[in-house]
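Visitor: Before I ask anything, let me first share the structure, which is written out below as structure tokens.
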Amino acid sequence: MEDCVFCKIVKRELPSSILHEDDEVIAFKDIEPAAPIHYLVVPKEHIESIGHLHEAHAAVVAKLIFIAKKLAEDEGLKGYKLVFNVGREGGQIVDHLHLHILGGWTNR
25 MEDCVFCKIV
35 KRELPSSILH
45 EDDEVIAFKD
55 IEPAAPIHYL
65 VVPKEHIESI
75 GHLHEAHAAV
85 VAKLIFIAKK
95 LAEDEGLKGY
105 KLVFNVGREG
115 GQIVDHLHLH
125 ILGGWTNR
């Protein structure tokens, strides 16, 4: 998607603090953190939101969750939130599927 911020991060057209990358997924620090630790895990394929998922996307969605779990463990988080915001009414700002990892309130 031409104007998608996350697609631009995937293509390295915008800078980002990348924490993980493989063929399907990229993870980076949120530039406007809502928690002491706030990371985003994003599929490289442009999928607008949960509402645009198909059964064929099941593996990449599972991968988002497992990468989030690994990042939380690497950070030493004992507890954290995993959040998908869906649509404007659900708080989604960027129209590219992404999983938020929020934590660190008691780790700091």
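In the numbering used here, the protein residues as written are 25 to 132. Using N, Cα and C, we set each Cβ at its ideal position, and we do this for glycine too. As the structure is a prediction and not an experimental result, all values here were calculated from the model.
In the DSSP assignment, find the unbroken beta strand (DSSP E) run with Lys105 in it and report its ends.
Guide: As a position in the sequence shown, residue 105 is number 81, starting the count at 1. Here the beta strand (DSSP E) through Lys105 covers 104-107.
Visitor: CA-CA distance, Leu123 and Leu77?
Guide: In the sequence shown, residue 123 corresponds to position 99, counting from 1. In the sequence shown, residue 77 corresponds to position 53, counting from 1. Spanning the two alpha carbons is a distance of roughly 14 Å.
Visitor: Give me the Cα-Cα distance between Gly75 and Val110, rounded to the nearest whole angstrom.
Guide: The count along the sequence shown starts at 1 and reaches residue 75 at position 51. The count along the sequence shown starts at 1 and reaches residue 110 at position 86. Those two C-alpha atoms are separated by around 7 Å.
Visitor: Could you spell out the range, first to last residue, of the alpha helix (DSSP H) harbouring Ile125?
Guide: Along the sequence shown, read from residue 1 onward, the residue named residue 125 stands at position 101. Premise fails: Ile125 lies in the beta strand (DSSP E), 123-127, not in any alpha helix (DSSP H).
Visitor: Between the alpha carbons of Ile61 and His70, how many angstroms are there, rounded?
Guide: Position 37 of the sequence shown, counted from the first residue, corresponds to residue 61. Position 46 of the sequence shown, counted from the first residue, corresponds to residue 70. Using only the alpha carbons, I get a separation of about 25 Å.
Visitor: Closer than 7 Å by C-beta to Ala96: which residues in its own chain qualify, once you throw out the five before and the five after it? Chain order, please.
Guide: For the purposes of this step, residue 96 is identified with residue 72 of the sequence shown, where counting begins at 1. Here the set comprises Tyr104, Ile125, Gly127.
Visitor: For Ile117, name the three-state secondary structure that DSSP assigns.
Guide: Counting from 1 along the sequence shown, the entry for residue 117 is found at position 93. Reduced to three states, the DSSP call for Ile117 is coil.
Visitor: Beta strand (DSSP E) containing Ala51: first to last residue?
Guide: For the purposes of this step, residue 51 is taken as the residue at position 27 of the sequence shown. First-last of the beta strand (DSSP E) with Ala51: 49-53.
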